[in-house]
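At position 481 of the sequence shown (counting the first as 1) the number is 475 in the working numbering, and the numbers step up by one without a gap.
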Amino acid sequence: MIKIMTIPKEVQSVLEKLKKSGFDAYAVGGCVRDFLLRKEPKDWDICTNAKPEQIKKIFPKSFYENKFGTVTVQVKSKKPSLKEIQITTYRIDEKYTDKRHPDKVSFTGNLKDDLARRDFTINAMALDSKEAIDYFNGQDDLEKRIIRAVGSPDERFNEDALRMLRAVRLAVELDFKIEPETFKAVQKNAGWLKAIAKERIRDELIKIIMSEEPEQGVELLRETNLLKYVIPELEKGVGVSQNRHHIYTIYQHSILSFKYAAQRKYNLEVRLAALFHDIAKPQTKMGEGPESTFYNHDQLGARFSAAILERLKFPKKTIEKVANLVRNHMFVYGVDEVTEAAVRRLLRRVGPENIDDLINLRVADRLGSGVPKAVPYKLRHLQYVIEKVSKDPISVKMLKINGDEVMEILNIPPSPKVGFILSALLSEVLDEPEKNTKEYLKKRIKELNKLSDKELKEKNKKVKEKKEEVDLEIKQKHWVK
Ligand code: ATP
Ligand code: MG
-5 MIKIMTIPKE
5 VQSVLEKLKK
15 SGFDAYAVGG
25 CVRDFLLRKE
35 PKDWDICTNA
45 KPEQIKKIFP
55 KSFYENKFGT
65 VTVQVKSKKP
75 SLKEIQITTY
85 RIDEKYTDKR
95 HPDKVSFTGN
105 LKDDLARRDF
115 TINAMALDSK
125 EAIDYFNGQD
135 DLEKRIIRAV
145 GSPDERFNED
155 ALRMLRAVRL
165 AVELDFKIEP
175 ETFKAVQKNA
185 GWLKAIAKER
195 IRDELIKIIM
205 SEEPEQGVEL
215 LRETNLLKYV
225 IPELEKGVGV
235 SQNRHHIYTI
245 YQHSILSFKY
255 AAQRKYNLEV
265 RLAALFHDIA
275 KPQTKMGEGP
285 ESTFYNHDQL
295 GARFSAAILE
305 RLKFPKKTIE
315 KVANLVRNHM
325 FVYGVDEVTE
335 AAVRRLLRRV
345 GPENIDDLIN
355 LRVADRLGSG
365 VPKAVPYKLR
375 HLQYVIEKVS
385 KDPISVKMLK
395 INGDEVMEIL
405 NIPPSPKVGF
415 ILSALLSEVL
425 DEPEKNTKEY
435 LKKRIKELNK
445 LSDKELKEKN
455 KKVKEKKEEV
465 DLEIKQKHWV
475 K
C-alpha cells in the first residue's frame, strides 16, 4: 500500500460539503495518480453521484456550462491550481462511432462505472480522505511504473483515438513504460488518430515537447506508429546520412538537437526549431557520401516547419517564430568573417528579440552534432558583438545640445573645433550625467571656447577611455579577448 499524504484543505472542504448533503464524493483521475506519486497535481477533479443541479445548489459560487455533467466550483485559495475545482457527476460514455466522441453521455449512480470509462489504470482511481478506491489495480501499475489501458486496449483506442497519444504523453511525463498489450494496440490503431481534432493533438504534443526528456516521446511516437499521423515529415530523415561534417543521420541529429534544447530548458519555440531545423534536408540533398550538399534546406525548412505547425493549429506567433529561427539557423559566426555591419544585418533580419533564441538553437544544433563545445569562442565573440552593436553607443548624440547650437552660441563657422567642444562636453557629462542640461551646457560652451585646441583634445581622451572601458566590460562578460 502506498502511504497517503494529506489532501489539500480546499479539496477536503468540497468533499465534506457534498457528503454532508448525503452524496458520495471522491477526488478522481489525474490528481489521484499524482497525489499517490507524491507529485503536486495540476488540478483537482472531484466525482460524485449528485446531479449538476444538486451540485449547484450546494455550491452557489459555481457554474455549469457543458453537457458532460461538470460543474466548476470557485474556491478561496492562495494556490492558482485550487481556485477552481471541477465536480463531475458519475457518468458512462455510450458507444463511440467516430473514434472521438461518445454518441451519448449518461449519468450513472455508480462510481465503478465512472472509473471504468477512464483511459488508463493509473488514471482510474478515486480517493476520499481515508483511502484509494482502486478497482483496476492502478496502484500496482503505479508501482511498476506502467501505462495500461482499462479493459481491452484495442476497444478503448477504438472508442477514442486520442488515448493513444495520451499514453505516450503520460509515459514521457512520468517516465513510465507502456504495457506490451497496450503498446501493441497503439501500433495497430495508430491510423485512427486521423479522426482526432488537431487542437487536441496539438495540446498533447505540447505536453510531450515541454517534458524533461521529450526526445524519448518522439521516439516513442515513432515506435508506436503515431508519428506518421502527427509529424510524418520527421520520418523522412530516418537513415539518411549527411556529409563529412556529420556523424549522425538527419533524424538522429534532429532528435539529439531536440534533446539538448530540452536539457537546457529552452522554450517551446527553440525546442520546435531544434527538432525541425533540418526537416528539409532529405528533400534538398544533392549527391551522396562525404561531399553531399543540402543547399537551401534552411529556407525550405522554414516553409515545412510553418506548414506542420499550421496543420497542427499552433498560434500564428509560434509558427512565425519557429519559421524565423529555422530560416536563419545557418548564420555565420566566424570571428574574422563577422563584421559589426554583418551583425547589424543579422539583428535586423532575425529581430533583436529573437537573437538569444537563435543562439540557443545554434547551441542545441552544435551539441546535437556531437561537437565537444556547446558555446565555442566564436559564438561568445558573436554574443559580444551583438551586445556591443545593440547598446546605445557613447556619442555626442547623447548631449542635450548639438553642433548647430554650438556654432550659433559661439557664432563660429563649421570647423573641427565644434567637434572638440562637443566631445569635451561629453567627457564631463559621462562623469556627471546630471550636468546634461541645456542651460549648463550653453554656459559651459562659452568657457570651453576659451581653451586652446590642445587643451580641448586632452579632454577628448577621456571619452575614448570611457568607450574602451564599456567595451572591455562587454568583452569580459562574454569571455572574449
Ligand atoms: P494532467 O496531469 O495533464 O491533467 P490528466 O490525466 O489529469 O493529466 P486530464 O485531461 O486532466 O488528464 O483528464 C483527467 C482524467 O480524465 C484522466 O486522469 C482520466 O481519468 C480521464 N480522461 C481524460 N481524457 C480521457 C480520455 N480521452 N479517455 C478516457 N478518460 C480520459
Ligand atoms: Mg488533470
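Just so you know, even glycine gets a beta-carbon here, dropped at the ideal spot from N, CA and C. All figures in this text were calculated on a predicted structure; none of them were measured in a lab.
Check	Outcome
Going by the beta-carbon positions, is the gap between T83 and F101 smaller than 8 Å?	yes
Start and end of the alpha helix (DSSP H) containing F101?	Counting along the chain, F101 falls outside any alpha helix (DSSP H), though it belongs to the beta strand (DSSP E) covering 96 to 101.
The alpha helix (DSSP H) that contains R297, what's its start and end?	291 to 305
Using CA atoms only, rank isn't needed, just tell me which of L266, G295, Y371 is closest to K279.	G295
Applying the criterion that 16 or more other CB atoms from any shown protein chain within 10 Å of the CB defines a buried residue, is T333 buried or exposed?	exposed
Which one or two residues does DSSP pair with A120 in a beta bridge?	V22, I127
Check whether the Cβ of G24 sits closer than 7 Å to any heavy atom of the ligand ATP, and report yes or no.	yes
In angstroms with no decimal places, state the Cα-to-Cα distance between V474 and P366.	19 Å
Would you kindly report the start and end of the unbroken alpha helix (DSSP H) that includes E426?	From DSSP, E426 is part of no alpha helix (DSSP H); its letter is neither H nor E.
For Y289, does the count of other Cβ atoms within 10 angstroms reach 16, so buried, or fall short, so exposed?	exposed
Would you grab the beta carbon distance between V357 and V369 for me? Rounded to a whole angstrom, and I think it's under 8 Å.	6 Å
Could you tell me which residues DSSP puts in a beta bridge with M280?	T287
To the nearest whole angstrom, what separates the beta carbons of N183 and A155, a pair I think is in contact under 8 Å?	7 Å
Which same chain residues end up closer than 8 Å to S409 when comparing Cβ atoms and leaving out the 5 residues on each side of it in sequence?	none
Out of K315, V320, A317, L340, which has the shortest C-alpha to C-alpha gap to Y327?	L340
Give me the DSSP bridge partner(s) of V67.	S56, I79
Name, in chain order, the residues that DSSP records as bridge partners for T42.	A19, T83
Going by the C-beta, is D108 closer than 7 Å to any heavy atom of the ligand MG?	no
Considering only residues of the region 148 to 207, which uninterrupted alpha helix (DSSP H) runs meet the minimum length of 4 residues and lie entirely inside it, listed in chain order?	156 to 168, 174 to 183, 192 to 203
Following the continuous alpha helix (DSSP H) through H375, name the residue where it begins and the one where it ends.	371 to 384
With DSSP collapsed to three states, give me the class of I388.	coil
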